[in-house]
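Numbering (this note's numbering), first residue to last: -14 to 118. See structure below.
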Amino acid sequence: MRTSILLGAMVVGSTVLVAPAGAADHTKDTTDAIKKALADDKAVLLDVREKSEWDDGHLKDAKLLPLSTLKGGAKAEDVAKIAPKNKVVYLHCGSGVRCLKAADELKKLGYDARPLKPGYADLLKAGFAPAGK
-14 MRTSILLGAM VVGSTVLVAP AGAADHTKDT TDAIKKALAD DKAVLLDVRE
36 KSEWDDGHLK DAKLLPLSTL KGGAKAEDVA KIAPKNKVVY LHCGSGVRCL
86 KAADELKKLG YDARPLKPGY ADLLKAGFAP AGK
């Protein structure tokens, strides 16, 4: 019986660690590579925080597309106006969590969505320029 309890605990524990199939993971692209792709117009940077957070400060090169809008059933054609499908889409948020969920939504629409682990403040520290007020 002890063996079956341990085996059951191992099975339960392992299922917790398994991510859903196709779930986004943070990109391994370096900040320098991301900056270059943005400068070369090969990528777009989406801020998936809410509008109030955006209004408190955002990155110069970012476009706003809140996670709530994506999860609320944003139309593919409306998303395409903000993020062209022929470009890599880098996503950021406050701490690197919401951008994972947003990337999953964009991947469903056929985007090459790459969520960033650094949040807004960390990206500023990494040299991304803030937008002027």
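Using N, Cα and C, we set each Cβ at its ideal position, and we do this for glycine too.
Can you confirm whether the region 38 to 49 touches the region 105 to 113 when touching is taken to mean that 3 or more C-beta pairs between the two stretches lie within less than 8 Å?
yes
On the DSSP bridge assignment, give the partners of D32 in chain order.
L49, H77
Leaving out five residues on either side along the sequence, give the residues of the same chain with a beta carbon under 6 Å from the beta carbon of A114.
K45
Applying the 10 Å Cβ sphere with the 16-neighbour rule, what's the burial state of V82?
exposed
Range covered by the beta strand (DSSP E) that runs through A98
98 to 100
For A22, which residues in the same chain have their Cβ closer than 7 Å to its Cβ, ignoring the five residues on either side in sequence?
A28, V73
With DSSP run on the structure shown, which of helix, strand or coil describes L109?
helix
Short Cβ contact (7 Å threshold) for L49 with A87
no
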